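Asker:
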Amino acid sequence: MRVTHSLLHAEDLAQLVEREYAIAAPIKVSLLNRGFNDTYLVTDVEGGRRVLRVYNREKYWIRSESDLRFELDLLEHLAAAGLGVIRPYQRTSGDRLGRLTAPEGDRCFALFTHAPGTPLYEGTLTAEQWREFGSGIARMHLEMDAFLTSHDRYHLDERILLERPLASLAPYAGSGRAAADLAELGKLGERLTGEIQRLRAIGGAYGIIHADLHRGNTNIDGDGRFVTFDFDHCGFGLRAYDLVSLYRGPDSPEEEREGWAAVLAGYQQVRPLSRSEVAGFPVLAACRALWDIGDWLGAANRNGDAWVTEAVIARLLADVRKAESDPTPWLAGEATLEQNPPPADSNPHGCRSRCH
Numbered sequence: 001m002r003v004t005h006s007l008l009h010a011e012d013l014a015q016l017v018e019r020e021y022a023i024a025a026p027i028k029v030s031l032l033n034r035g036f037n038d039t040y041l042v043t044d045v046e047g048g049r050r051v052l053r054v055y056n057r058e059k060y061w062i063r064s065e066s067d068l069r070f071e072l073d074l075l076e077h078l079a080a081a082g083l084g085v086i087r088p089y090q091r092t093s094g095d096r097l098g099r100l101t102a103p104e105g106d107r108c109f110a111l112f113t114h115a116p117g118t119p120l121y122e123g124t125l126t127a128e129q130w131r132e133f134g135s136g137i138a139r140m141h142l143e144m145d146a147f148l149t150s151h152d153r154y155h156l157d158e159r160i161l162l163e164r165p166l167a168s169l170a171p172y173a174g175s176g177r178a179a180a181d182l183a184e185l186g187k188l189g190e191r192l193t194g195e196i197q198r199l200r201a202i203g204g205a206y207g208i209i210h211a212d213l214h215r216g217n218t219n220i221d222g223d224g225r226f227v228t229f230d231f232d233h234c235g236f237g238l239r240a241y242d243l244v245s246l247y248r249g250p251d252s253p254e255e256e257r258e259g260w261a262a263v264l265a266g267y268q269q270v271r272p273l274s275r276s277e278v279a280g281f282p283v284l285a286a287c288r289a290l291w292d293i294g295d296w297l298g299a300a301n302r303n304g305d306a307w308v309t310e311a312v313i314a315r316l317l318a319d320v321r322k323a324e325s326d327p328t329p330w331l332a333g334e335a336t337l338e339q340n341p342p343p344a345d346s347n348p349h350g351c352r353s354r355c356h
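The letter at position 340 of the sequence shown is residue 340 when you use full-length UniProt numbering, and the numbering goes up by one with no holes.
(1) When you compare only the Cα positions, how much space is there between S150 and Y89?
(2) To the nearest angstrom, how far is it from the Cα of H155 to the Cα of D181?
(3) Between A265 and G134, how many whole angstroms is the CB-CB distance? I'm expecting something under 8 Å.
(4) Quick check on L68 - is its C-beta less than 9 Å from some C-beta in chain C?
(5) Does the stretch 118 to 132 come into contact with the stretch 260 to 275, if we say contact requires no fewer than three beta-carbon pairs (one atom in each stretch) closer than 8 Å?
(6) Taking L32 as the reference, which of V51, L16, R57, Y21 has the closest Cα?
(7) Kindly identify the DSSP beta-bridge partner or partners of D38.
(8) Do P119 and R225 count as a contact pair if the criterion is CB distance below 9 Å?
(9) Where I202 and R275 are concerned, what is the direct C-alpha to C-alpha distance, given to the nearest angstrom?
(10) Can you check whether the CB of V3 is closer than 9 Å to the CB of V42?
(11) Taking the DSSP output, what are the residues bridged to R49?
(12) Please report the straight-line C-alpha distance between F147 and H141, rounded to a whole angstrom.
(13) Buried or exposed: which applies to Q197, given that a residue is buried once 16 or more other Cβ atoms fall within 10 Å of its Cβ?
(14) Terminal residues of the continuous alpha helix (DSSP H) containing G203?
(15) Is the distance from the Cβ of A205 to the Cβ of R239 below 9 Å?
(16) Quick check on DSSP: helix, strand or coil for T92?
(17) Find the nearest neighbour of F281 within the set E255, P250, A306, N303, judged by alpha-carbon distance.
(18) Based on DSSP bridge pairs, tell me the residues matched to H155.
(19) Please look up how many angstroms separate the CB atoms of R57 and G105, rounded, as I've assumed it's under 8 Å.
(20) Check each candidate in G186, E20, D44, F236 and name the one with the smallest Cα separation from A314.
(21) Hey, how far is the Cα of W296 from the Cα of I137?
(22) Going by DSSP, what residues sit across from I86 in a beta bridge?
(23) Grab me the residues of A24's own chain with a C-beta within less than 8 Å of its C-beta, minus the 5 sequence neighbours each way, in chain order.
(24) Would you tell me roughly how many angstroms separate the C-alpha atoms of R192 and L161, rounded to the nearest one?
(25) For A179, does the three-state DSSP call read helix, strand or coil?
(26) Which stretch, first to last residue, makes up the alpha helix (DSSP H) that contains N303?
(27) According to DSSP, is L148 part of a helix, a strand, or is it coil?
(28) Any idea which residues DSSP pairs R99 with across the strands?
(29) Helix, strand or coil: how does DSSP classify P282 here?
(30) For Y121, count the other beta carbons within 10 Å of its own beta carbon; 16 or more makes it buried, fewer makes it exposed. Which is it?
(31) I'd like the list of long-range same chain contacts for I209, defined as Cβ closer than 8 Å, with 5 residues on each side in sequence excluded.
(32) Contact between the stretch 300 to 312 and the stretch 8 to 15 is defined here as three or more beta-carbon pairs at a separation below 8 Å; is this criterion met?
(33) Buried or exposed for W61, please, with buried defined as at least 16 other CB atoms from any protein chain shown within 10 angstroms of its CB.
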């Protein structure tokens, strides 16, 4: 019988880590979570903690090992530049990426430093801390411009953000109402596609991004230091897309709206966005709502699809309508632009790796 996805035994993974890395044994391995990869906490005999990722097979955005090596090279580059990100360990063989045999076939693995602290969604940050976080995202984007690698990575273009999610939803639109909702989403997708292409043509707007920079993928420690992790979805995309994942909408509590404004202000101080990019936040918020559904559907063979109902399609349509028409993100941006006006053409190319 064929296997789609297996859960590897923690004791066997402990032996793998002891064999592959120069870490004080005995090693204890415990499962942290299952999602788009299997992630484990690795504790050495001295209490030191690391994180082991066993990559899932057949992910829609991973075409070959080159994509995985791009991610690991990028993390090494950012960490070496002093940014607050996790860092991959080298195996004793000298390579950062390993391969193991599982029932479903070969799977790749990598070991990372552990991100101390707690996720951003668990605590209450001050406006100054949110501002510093926004500045850190801008510094990360600037450092990504200097990243050079021989490996390639996918692009978060209209195919990934819009076309693929809409096609994935088609089998779940069984009723006339759901089909009509999906048809309207398709029309919105056509308009959003034009907006993405317009935004991509702006000098410096496109480059390497984290691509899933929600509040669960950054920890903050007791000293207020941020560490960002889970670059599994990183690729080439619109830089503003990294920011819009932090936006909570006009109906969110005032504290969250103030946090968003502080993030945007901090970003603008380091890497100013053009007015056109700021005005494009509603478009990107709508794109992210579609992408998120498509992303989870891409893992349906491992995680199931019972959650995809016609009510989900209706709610997605409402979310996309709301996001696309919301003026709040760019109004907040206009306030920061007045204080920190961007140069006429800041960083016209946006990256030195393969952006095109």
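Idealized CB from N, CA, C, for every residue including glycine. Since the model is a prediction, treat every value here as computed from it, not as a measurement.
Answerer: Reading from the atomic positions:
(1) Translated into positions along the sequence shown, residue 150 becomes position 150. Translated into positions along the sequence shown, residue 89 becomes position 89. Using only the alpha carbons, I get a separation of about 19 Å.
(2) On the sequence shown, residue 155 is found 155 positions in, with the first residue counted as 1. On the sequence shown, residue 181 is found 181 positions in, with the first residue counted as 1. The alpha-carbon atoms of H155 and D181 are separated by roughly 27 Å.
(3) The residue given as residue 265 occupies position 265 in the sequence shown. The residue given as residue 134 occupies position 134 in the sequence shown. Sure, about 7 Å apart at Cβ, within 8 Å.
(4) As a matter of chain content, chain C is missing from the structure shown, which is built from one protein chain.
(5) yes
(6) One-based indexing of the sequence shown puts residue 32 at position 32. The residue with the shortest Cα to Cα distance from L32 is V51.
(7) One-based indexing of the sequence shown puts residue 38 at position 38. Paired residues: R34, V54.
(8) Working through the sequence shown from its first residue, we reach residue 225 at position 225. Working through the sequence shown from its first residue, we reach residue 119 at position 119. Their beta carbons are not under 9 Å apart, which means R225 does not touch P119 by this criterion.
(9) In the sequence shown, counting from the first residue as 1, residue 202 sits at position 202. In the sequence shown, counting from the first residue as 1, residue 275 sits at position 275. Taking the straight line joining both Cα atoms gives about 10 Å.
(10) Taking the sequence shown and counting its residues from 1, one reaches residue 42 at position 42. Taking the sequence shown and counting its residues from 1, one reaches residue 3 at position 3. Taking a C-beta distance under 9 Å as the contact criterion, V42 and V3 do not qualify as a contact pair.
(11) As a first step, residue 49 is located in the sequence shown; it is residue number 49 there, counting from the start. Paired residues: T43.
(12) Against the sequence shown, residue 147 aligns to sequence position 147. Against the sequence shown, residue 141 aligns to sequence position 141. Whole-angstrom Cα-Cα distance: 10 Å.
(13) Walking along the sequence shown from the start, residue 197 turns up at place 197. Classification for Q197: exposed.
(14) One-based indexing of the sequence shown puts residue 203 at position 203. Note, G203: premise wrong, no alpha helix (DSSP H); not H, not E.
(15) Against the sequence shown, residue 205 aligns to sequence position 205. Against the sequence shown, residue 239 aligns to sequence position 239. Yes. Within cutoff.
(16) In the sequence shown, counting from the first residue as 1, residue 92 sits at position 92. Residue state, collapsed to three classes: coil.
(17) Looking up residue 281 in the sequence shown gives position 281. Of the listed residues, the one whose Cα sits closest to F281 is P250.
(18) On the sequence shown, position 155 is the one that residue 155 refers to. Partner(s): F236.
(19) Here residue 57 corresponds to residue number 57 of the sequence shown, with the count starting at 1. Here residue 105 corresponds to residue number 105 of the sequence shown, with the count starting at 1. That pair is a contact at about 6 Å.
(20) To locate residue 314, count along the sequence shown from 1; it is residue 314. When only C-alpha atoms are compared, the closest one is G186.
(21) The residue you call residue 296 lines up with position 296 of the sequence shown. The residue you call residue 137 lines up with position 137 of the sequence shown. Approximately 25 Å between the Cα atoms of the pair.
(22) What you label residue 86 is simply residue 86 of the sequence shown in a count that begins at 1. I86 is not bridged to any residue.
(23) On the sequence shown, position 24 is the one that residue 24 refers to. Here the set comprises D44, V45, E46, G48.
(24) The residue labelled residue 192 in the question sits at position 192 within the sequence shown. The residue labelled residue 161 in the question sits at position 161 within the sequence shown. Correcting the residue type first, residue 192 is Leu in the shown sequence and not Arg. Cα to Cα, the separation comes out at about 10 Å.
(25) On the sequence shown, residue 179 is found 179 positions in, with the first residue counted as 1. Taken through DSSP and simplified to helix, strand or coil, A179 comes out as helix.
(26) Within the sequence shown, numbered from 1, the residue matching residue 303 stands at position 303. Segment 300 to 303, the alpha helix (DSSP H) holding N303.
(27) As a position in the sequence shown, residue 148 is number 148, starting the count at 1. In the structure shown, L148 sits in coil (DSSP, three-state: anything other than H, G, I, E or B).
(28) As a working mapping, residue 99 is identified with position 99 in the sequence shown. In DSSP, R99 forms a bridge with C108.
(29) Here residue 282 refers to the residue found at position 282 when the sequence shown is read from its first residue. If DSSP states are grouped into helix, strand and coil, P282 belongs with the helices.
(30) Here residue 121 refers to the residue found at position 121 of the sequence shown. When all chains shown are included, Y121 counts as exposed.
(31) Here residue 209 corresponds to residue number 209 of the sequence shown, with the count starting at 1. Within the same chain, I209 has close Cβ partners H141, M144, L156, C234, G235, F236, G237, L238, R239, Y241, D242.
(32) no
(33) On the sequence shown, position 61 is the one that residue 61 refers to. The residue in question, W61, is buried, as its Cβ has 16 or more Cβ neighbours within 10 Å.
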